[in-house]
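Student: Using the numbering used here, you'd call the opening residue of the sequence shown number 80 and step up by one each time.
Positions of the beta carbon are idealized from the N, C-alpha and C atoms, including for glycine.
Take a look at this one; I'll ask things after.
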Amino acid sequence: MGHHDRRLYQNAMYRSGAVDLTHDDLQLITSAMKAGQEYAISGDVAGIAEKILAILKLHPHFNGVDRVCLARKVGHTNQLLVLDSSMIPIAENLMGGGYRCYVDAHGSLFSLKAGEMRILHDVTEITDSYHLQSRPVQRSLRYIGEMGFRSGLCIPCTFKDELLGYLFMNSSQPIYFHLPRNQDYLIYSQLVQIATSIIQRYRLPASYEGLPELAYLYCWDSRIFNTSFFAKHLTRVLTEQFHTELPVEVTAAQNIPTFLYSPTMMVFFVWHALVQLQVQDKLTALRIHVEPTADGDLVGRLGLEGTTPHAYLVPPILEQAQAIGYRAEVSDGTLSYYWKKDEPARGRTDILYSV
80 MGHHDRRLYQ
90 NAMYRSGAVD
100 LTHDDLQLIT
110 SAMKAGQEYA
120 ISGDVAGIAE
130 KILAILKLHP
140 HFNGVDRVCL
150 ARKVGHTNQL
160 LVLDSSMIPI
170 AENLMGGGYR
180 CYVDAHGSLF
190 SLKAGEMRIL
200 HDVTEITDSY
210 HLQSRPVQRS
220 LRYIGEMGFR
230 SGLCIPCTFK
240 DELLGYLFMN
250 SSQPIYFHLP
260 RNQDYLIYSQ
270 LVQIATSIIQ
280 RYRLPASYEG
290 LPELAYLYCW
300 DSRIFNTSFF
310 AKHLTRVLTE
320 QFHTELPVEV
330 TAAQNIPTFL
340 YSPTMMVFFV
350 WHALVQLQVQ
360 DKLTALRIHV
370 EPTADGDLVG
380 RLGLEGTTPH
390 AYLVPPILEQ
400 AQAIGYRAEV
410 SDGTLSYYWK
420 KDEPARGRTD
430 ILYSV
């Protein structure tokens, strides 16, 4: 088992009375609360992770914490947006402020309940287990390992049972967080309350608020691309959500690498692009072909034969495409949408794409 969950607030309540907080403990809590108040008032999240990391480093028990990250859940989607992160200079920060990723809505992370915390023992064990099953590793988890971190702590930030985001901490040492002291539950509780207060006050960029309401109705899962599944999924969503019945054909080049994607997100983007182009009622079929590009990215092409697109894609749909991880264009009667390629994991041959 690569991780285990513990009850945070319950342990904080039952165990904190049985211990005496040290001077270092009190100093950490006081400094963290002061920093949280300053950033909550200003509304600027930049630098808060660095401040919390510096405060933790001053405590003898927490000087092995090497990374702090605050991430917000975007609306009702399963997208996470990193608001701020800070780490020791052992590698490039691959998940700084503004980094986005999609998390399986039915996966392990979202199963973590309010008032709990997750202790990640060894990242290497988890990533290796994926490779043993011939499954690609989710991009963010892979980045954690590539940045040099071996263990971690994850605490959900919630308000009235609503998930707002997460507080992440990592160490370059394996199994660093696995034996918390009794007073650590109280300290973690204080830190996550500070993180929750900051996340709660953060306003999303306009590009997120401009996403169509329909985007927030979907449960976006990440899965390995398969032409047969996507064709069936596309047909079903078009029928159930858009009340449209069209023959669907999805093909892929033989040399296409294994990649992760979000099928419902792809349907959402493609359909709204077609609506904007005013060709959704003119198409007699949806034919999509997925292939690598000359520069190594990945592209899905949808032919618009027999139609005259009303216009090229205008800024709103382009901003929406960027917000959900795509680049889009229309030319020569074809709607094309691109994924940017992730670099292969060190020592591995598989290549993953952003989902």
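So, do the segment 247-258 and the segment 213-221 have three or more beta carbon pairs nearer to each other than 8 angstroms?
Tutor: No: fewer than three Cβ pairs fall under 8 angstroms.
Student: As a quick exercise: from Phe189, Gln269, Thr318, pick the residue whose alpha carbon is nearest that of tyrosine 88.
Tutor: Residue Gln269 is the option with its Cα nearest to tyrosine 88.
Student: In the DSSP output, what is glycine 379 paired with across the bridge?
Tutor: Glycine 379 pairs with Val369, Tyr416.
Student: For alanine 364 and glutamate 384, I'd like the C-alpha separation in whole angstroms.
Tutor: Those two C-alpha atoms are separated by around 9 angstroms.
Student: Using alpha carbons as the reference points, say which of Leu381, Thr386, Lys152, Asp263 lies closest to methionine 92.
Tutor: Comparing Cα-Cα distances from methionine 92 to each of Leu381, Thr386, Lys152, Asp263, the minimum goes to Asp263.
Student: Compute the distance between the beta-carbons of valine 327 and threonine 314, then report whether it is under 8 angstroms.
Tutor: In this structure, threonine 314 lies closer than 8 angstroms to valine 327 by Cβ.
Student: Enumerated in chain order, which unbroken segments of the beta strand (DSSP E) with a length of 3 residues or greater are wholly contained in the segment 195-253?
Tutor: Segments of the beta strand (DSSP E) lying fully in the segment 195-253: 195-199, 230-238, 241-250.
Student: Just the C-alpha distance for glycine 227 and alanine 274, rounded to the nearest angstrom, thanks.
Tutor: Cα-Cα distance, rounded: 24 angstroms.
Student: Does the segment 196-204 come close enough to the segment 154-171 to have 3 or more Cβ pairs within less than 8 angstroms?
Tutor: No: fewer than three Cβ pairs fall under 8 angstroms.
Student: Using a Cβ-Cβ cut-off of 8 angstroms, state whether alanine 193 counts as contacting chain D.
Tutor: The displayed structure is made up of one protein chain only, and chain D is not part of it.
Student: Using the rule of at least 16 other Cβ atoms within 10 Å of the residue's Cβ for burial, across every protein chain shown, is tyrosine 459 buried or exposed?
Tutor: One cannot answer for residue 459 here, as it falls past the ends of the chain, which runs 80 to 434.
Student: Since alanine 331 is in the beta strand (DSSP E), which residue starts that stretch and which ends it?
Tutor: Segment 327-331, the beta strand (DSSP E) holding alanine 331.
Student: Note down the Cα distance separating alanine 407 from lysine 152, rounded to an integer number of angstroms.
Tutor: So the two alpha carbons sit approximately 25 angstroms from each other.
Student: Grouping DSSP H, G and I as helix and E and B as strand, with all else coil, what is tyrosine 178?
Tutor: Looking at tyrosine 178 - three-state DSSP - the assignment turns out to be coil, as it is neither helix nor strand.
Student: In angstroms with no decimal places, state the Cα-to-Cα distance between threonine 330 and tyrosine 340.
Tutor: Each residue's alpha carbon lies about 15 angstroms from the other.
Student: For the alpha helix (DSSP H) containing glutamate 163, list its first residue and its last residue.
Tutor: In the sequence as displayed, the identity of residue 163 is aspartate instead of glutamate. Taken as a continuous stretch (DSSP letters only), aspartate 163 belongs to no alpha helix (DSSP H), being part of the beta strand (DSSP E) at 158-166.
Student: Confirm, please, whether the CB-CB distance from alanine 111 to isoleucine 131 is below 8 angstroms.
Tutor: Their beta carbons are under 8 angstroms apart, which means isoleucine 131 touches alanine 111 by this criterion.
Student: Please return the same chain residues whose Cβ sits closer than 6 angstroms to the Cβ of leucine 381, not counting the five positions on each side in sequence.
Tutor: Ile367, Leu414, listed in sequence order.
Student: Which whole-angstrom value is the C-beta distance of arginine 179 and leucine 160, which I expect to be below 8 angstroms?
Tutor: At roughly 5 angstroms, the Cβ-Cβ gap stays under 8 angstroms, so arginine 179 and leucine 160 are in contact.
Student: Out of Glu370, Leu362, Thr156, Pro371, which has the shortest C-alpha to C-alpha gap to threonine 386?
Tutor: Selected option, being the one with the closest Cα: Leu362.
Student: Could you tell me the distance, in whole angstroms, from the CA atom of threonine 141 to the CA atom of aspartate 376?
Tutor: It should be noted that the sequence gives phenylalanine, not threonine, for residue 141. Answer to the nearest angstrom: the Cα atoms are 41 angstroms apart.
Student: What do you get for histidine 389, buried or exposed, if any count of 16 or more other CB atoms within 10 angstroms of its CB means buried?
Tutor: Flag for histidine 389 reads exposed.
Student: Tell whether a beta-carbon distance below 8 angstroms holds between glycine 176 and serine 276.
Tutor: Result no, Cβ atoms of glycine 176 and serine 276 do not sit closer than 8 angstroms.
Student: Just reading off the beta strand (DSSP E) that alanine 407 is part of, what are its end residues?
Tutor: Start and end: 406-410.
Student: Could you give the DSSP three-state label for lysine 192: helix, strand or coil?
Tutor: If DSSP states are grouped into helix, strand and coil, lysine 192 belongs with coil.
Student: Residues in its own chain within less than 7 angstroms of histidine 83 by CB, not counting five upstream and five downstream?
Tutor: Ile198.
Student: Hey, isoleucine 266 and aspartate 103: beta-carbon distance below 8 angstroms or not?
Tutor: No, the Cβ-Cβ distance between isoleucine 266 and aspartate 103 is not below 8 angstroms.
Student: Compute the distance between the beta-carbons of leucine 325 and alanine 352, then report whether it is under 8 angstroms.
Tutor: Cβ distance not < 8 angstroms, so leucine 325 and alanine 352 don't count as in contact.
Student: So, serine 230 versus isoleucine 205, is the Cβ gap smaller than 8 angstroms?
Tutor: Their beta carbons are not under 8 angstroms apart, which means serine 230 does not touch isoleucine 205 by this criterion.
Student: Could you compute how far the alpha carbon of asparagine 334 sits from the alpha carbon of alanine 373?
Tutor: Taking the straight line joining both Cα atoms gives about 12 angstroms.
Student: Three-state secondary structure (DSSP) at leucine 290?
Tutor: Confidence in leucine 290 is poor, its pLDDT being 49 and thus under 50, which makes the residue's placement unreliable; the coordinate value appears in the next sentence. Reduced to three states, the DSSP call for leucine 290 is coil.
Student: Going by the CB atoms, is the gap between glycine 244 and alanine 150 shorter than 8 angstroms?
Tutor: Yes, these two residues count as a Cβ contact at 8 angstroms.
Student: When we look at the beta-carbon of glutamine 158 and count the other beta-carbons within 10 Å, is it buried (16 or more) or exposed?
Tutor: The residue is buried, with at least 16 neighbouring Cβ atoms inside 10 Å.
Student: Can you give me the C-alpha to C-alpha distance between alanine 294 and leucine 137, rounded to a whole angstrom?
Tutor: Model confidence at alanine 294 stands at a pLDDT of 49, short of 50, so the residue's coordinates are unreliable; what they give is reported in the following sentence. Cα to Cα, alanine 294 sits roughly 43 angstroms from leucine 137.
Student: How long is the line joining the alpha carbons of alanine 193 and alanine 119, rounded to whole angstroms?
Tutor: Alanine 193 and alanine 119: Cα-Cα distance of roughly 22 angstroms.
Student: Taking the alpha-carbon positions, what's the arginine 302 to valine 98 distance?
Tutor: Their backbone Cα atoms lie some 46 angstroms apart in a straight line.
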